[in-house]
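Just so you know, the sequences run in chain order A and B.
Using this note's numbering, the letters of the first sequence correspond one by one to residues 14 to 236.
Using this note's numbering, the letters of the second sequence correspond one by one to residues 14 to 236.
The beta-carbon is built from N, C-alpha and C at its ideal position, and this holds for glycine as well.
Here the structure is laid out as structure tokens; the discussion comes afterwards.
There are 2 protein chains.
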Amino acid sequence: MRADRIFCDLDTAALQAFETIKYATAYPKGAVLFVEGQAPRGIFVLCKGRVKLSICATDGKTLILKIAEPGEVLGLSATVSGKPYELTAETIDPCQVNFVKREDFLRFLKEHSDACFKVAEQLSDKYNNACHEVRSLGLSHSAGEKLAKLLLEWSSRNGESAKVEPRLKLALTHEEIAQMIGTSRETVTRLFADLKKRQIVQSKGSTLLIRNKAALKTLATNG
Amino acid sequence: MRADRIFCDLDTAALQAFETIKYATAYPKGAVLFVEGQAPRGIFVLCKGRVKLSICATDGKTLILKIAEPGEVLGLSATVSGKPYELTAETIDPCQVNFVKREDFLRFLKEHSDACFKVAEQLSDKYNNACHEVRSLGLSHSAGEKLAKLLLEWSSRNGESAKVEPRLKLALTHEEIAQMIGTSRETVTRLFADLKKRQIVQSKGSTLLIRNKAALKTLATNG
DNA sequence: AACTTGTTGTGATACGGCTCACAAATTGAT
DNA sequence: ATCAATTTGTGAGCCGTATCACAACAAGTT
Chain A
14 MRADRIFCDL DTAALQAFET IKYATAYPKG AVLFVEGQAP RGIFVLCKGR
64 VKLSICATDG KTLILKIAEP GEVLGLSATV SGKPYELTAE TIDPCQVNFV
114 KREDFLRFLK EHSDACFKVA EQLSDKYNNA CHEVRSLGLS HSAGEKLAKL
164 LLEWSSRNGE SAKVEPRLKL ALTHEEIAQM IGTSRETVTR LFADLKKRQI
214 VQSKGSTLLI RNKAALKTLA TNG
Chain B
14 MRADRIFCDL DTAALQAFET IKYATAYPKG AVLFVEGQAP RGIFVLCKGR
64 VKLSICATDG KTLILKIAEP GEVLGLSATV SGKPYELTAE TIDPCQVNFV
114 KREDFLRFLK EHSDACFKVA EQLSDKYNNA CHEVRSLGLS HSAGEKLAKL
164 LLEWSSRNGE SAKVEPRLKL ALTHEEIAQM IGTSRETVTR LFADLKKRQI
214 VQSKGSTLLI RNKAALKTLA TNG
């Protein structure tokens, strides 16, 4: 319920102020919170559900940057800088969201310096992630390398990372996975086929079992 | 001299505080301010000269993210978040830099909320740029498209953008340009040859004349 | 059970761009 | 002016992967 972690450990005055300016809202699956290029209306604190963050080229080609989880603040940098949203946010589950209007939020930041500092930290994190994305995209990892990285990252989220043979749910289609690593759907299908043939992974329904984590790590680091 | 623009329009108290914690330093050409992966020592406010910001893969492949100009604050997000520097900063001119130690800077931010807000804005900008980079890398623009974009961006910096046939100095080698758009040196050479053959650009020494801006723009937008 | 719709598996083909290997042209030192 | 070092120009070949075109499933509908 209280998943707006970022603004949680503020002093009570700030917390109260935040309560008065936030709008608790609910969105169905598939709702669009904002679209890249739009003028920033405000921030969205994700409390429940997942949100797909993506950028999209004029020709329809899409790159999924990340699947945001509860606790994340969306639209923060655009709201702070006043520049257009740099990406598109679309719910992929029913979501609960706290929305704060831009003017309210900016006033809130100026009046509560500890919140402002938290925001700076948050923005640093986002920048950090973006840099990782740039690294993975720019230093031309092969598609196979990027898929291996993605699978390892996913397995580390589910608390399954410690296990020798981590298990994970593939909640995304090959098409979406392709959009996450910047390749085509067919390539993803072929890569999975290859991983299975080489006994590195094994799938039962939508569950994927990593049978050879070491091999996957090798793939993730060496071309 | 007073090129640390970001912290310029603060109240006098903050300004004074900043003066006491900054170290004015000078670096020769080729000096390394920080390396990706290092623990953050503090921020570097670039006052004079240019700094090359890059990330580097284990195999030596390098991607130049940007050439920072005076006024830019380097190492900001790492210093705020405490995570390692996410890129490498190396001077390509003799540079004058104001350095502020991490602890001093964090204290400064907590004591001067307007500075903190400025930092949040600055970080938003950086995040924005990173997103653009992601877009240009991820949505697989062809090498030609990216080069066209780069040339247009450069011509718009020199105040030459208004002119019908902007002129610009190519201060970088083909190799470095290749590292900026994530391709190989040979490809850059071939692309330039092609642009010249098609009368879109023309070069005299290290000066490049854009003869057909419209064509270049077409290249930059349509694959 | 028959159909529609969305996903996945797989071949054939084509192309962009990387690599390798030199040659030609600059640039800078002495 | 000469020589070394760097940068640029260009060909040939190769590899990864995008694209196209279907076939094989799966899941839900009526």
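Within 10 angstroms of its Cβ, does residue i collect 16 or more other Cβ (buried), or is it exposed?
{"i": "CYS129(B)", "result": "buried"}
{"i": "GLU158(A)", "result": "buried"}
{"i": "THR92(A)", "result": "buried"}
{"i": "ASN111(A)", "result": "buried"}
{"i": "ARG148(A)", "result": "buried"}
{"i": "ALA102(B)", "result": "buried"}
{"i": "GLY195(B)", "result": "buried"}
{"i": "ALA39(B)", "result": "exposed"}
{"i": "PRO41(A)", "result": "exposed"}
{"i": "SER137(B)", "result": "buried"}
{"i": "MET14(A)", "result": "Confidence at MET14(A) is low in this model, with a pLDDT of 43, below 50, so its placement is unreliable and the value that follows should be read with caution. Answer is exposed; the Cβ neighbour count stays below 16."}
{"i": "GLU32(B)", "result": "exposed"}
{"i": "SER94(B)", "result": "buried"}
{"i": "CYS21(B)", "result": "exposed"}
{"i": "ALA191(B)", "result": "buried"}
{"i": "SER168(A)", "result": "buried"}
{"i": "GLY43(A)", "result": "exposed"}
{"i": "LYS131(A)", "result": "buried"}
{"i": "GLU188(A)", "result": "exposed"}
{"i": "VAL58(A)", "result": "buried"}
{"i": "GLU146(B)", "result": "buried"}
{"i": "GLN51(B)", "result": "exposed"}
Once DSSP output is grouped into helix, strand and coil, what is the label at residue i?
{"i": "CYS144(B)", "result": "helix"}
{"i": "LYS96(A)", "result": "coil"}
{"i": "THR231(B)", "result": "helix"}
{"i": "ALA175(B)", "result": "coil"}
{"i": "LYS74(A)", "result": "coil"}
{"i": "GLU189(A)", "result": "helix"}
{"i": "GLN51(B)", "result": "coil"}
{"i": "ALA44(B)", "result": "coil"}
{"i": "SER155(A)", "result": "coil"}
{"i": "LEU165(A)", "result": "helix"}
{"i": "ALA81(A)", "result": "strand"}
{"i": "LEU183(B)", "result": "coil"}
{"i": "THR196(A)", "result": "coil"}
{"i": "ARG211(A)", "result": "coil"}
{"i": "ASP106(A)", "result": "coil"}
{"i": "MET14(B)", "result": "Here the model assigns MET14(B) a pLDDT of 43, short of 50, so the residue's position is not dependable, and the following value carries that caveat. The answer is coil: DSSP assigns MET14(B) none of H, G, I, E or B."}
Give me whichever residues DSSP pairs with residue i in a beta bridge.
{"i": "SER216(A)", "result": "LEU221(A)"}
{"i": "PHE112(B)", "result": "TYR36(B) and PHE57(B)"}
{"i": "THR101(B)", "result": "SER67(B)"}
{"i": "LEU87(B)", "result": "PHE57(B)"}
Can you check which of these residues, the options, is closest to residue i by C-alpha distance?
{"i": "ASP72(A)", "options": "GLY43(B), ALA227(B), LEU152(B) and ARG180(B)", "result": "LEU152(B)"}
{"i": "ILE77(B)", "options": "THR38(B), LEU150(B), PRO97(B) and ARG54(B)", "result": "LEU150(B)"}
{"i": "ALA227(B)", "options": "GLN109(B), ALA156(B), VAL177(B) and VAL201(B)", "result": "VAL177(B)"}
{"i": "CYS69(B)", "options": "GLN215(B), MET193(B), ALA27(B) and ARG198(B)", "result": "MET193(B)"}
{"i": "LEU165(A)", "options": "TYR140(A), SER197(A), LEU222(A) and PHE118(A)", "result": "LEU222(A)"}
{"i": "SER67(A)", "options": "ASN235(A), GLY95(A), ASP138(A) and VAL45(A)", "result": "VAL45(A)"}
{"i": "GLU116(A)", "options": "ASN142(A), ILE80(A) and LYS35(A)", "result": "LYS35(A)"}
{"i": "PRO107(B)", "options": "ASP207(B), GLU82(B) and ARG120(B)", "result": "GLU82(B)"}
{"i": "SER155(A)", "options": "LEU232(A), ASN171(A) and LEU28(A)", "result": "LEU232(A)"}
{"i": "LEU119(B)", "options": "ASP207(B), GLU99(B), HIS145(B) and LEU89(B)", "result": "LEU89(B)"}
{"i": "ILE19(A)", "options": "LEU87(A), GLY55(A) and GLN51(A)", "result": "LEU87(A)"}
{"i": "LYS139(A)", "options": "PHE121(A), GLU85(A), PRO179(A) and ALA184(A)", "result": "GLU85(A)"}
{"i": "ASN141(A)", "options": "CYS60(B), VAL132(B) and LEU100(B)", "result": "LEU100(B)"}
{"i": "THR234(A)", "options": "ARG180(A), PHE205(A), VAL201(A) and LYS162(A)", "result": "LYS162(A)"}
{"i": "THR126(B)", "options": "LYS230(B), ASN225(B), LEU229(B) and ALA30(B)", "result": "Reading off the sequence, residue 126(B) comes out as Ser, not Thr. Cα-wise, what sits closest to SER126(B) is ALA30(B)."}
{"i": "GLU173(B)", "options": "CYS144(B), THR220(B), LEU160(B) and LYS209(B)", "result": "THR220(B)"}
{"i": "CYS144(A)", "options": "GLN212(B), PRO97(B), PRO179(B) and LYS182(B)", "result": "PRO97(B)"}
{"i": "PRO53(A)", "options": "ARG63(A), GLY62(A), CYS60(A) and VAL113(A)", "result": "VAL113(A)"}
{"i": "LEU183(B)", "options": "ARG211(B), VAL201(B) and GLY55(B)", "result": "VAL201(B)"}
{"i": "LEU160(B)", "options": "GLN135(B), GLU124(B), ALA175(B) and SER197(B)", "result": "SER197(B)"}
{"i": "ARG63(B)", "options": "LYS79(B), ASN171(B), GLY55(B) and THR75(B)", "result": "LYS79(B)"}
Report task. Please specify which runs of the alpha helix (DSSP H), each continuous and at least 4 residues long, are wholly inside the segment 16-42 of chain B, giving them in chain order. Result -> 25-34
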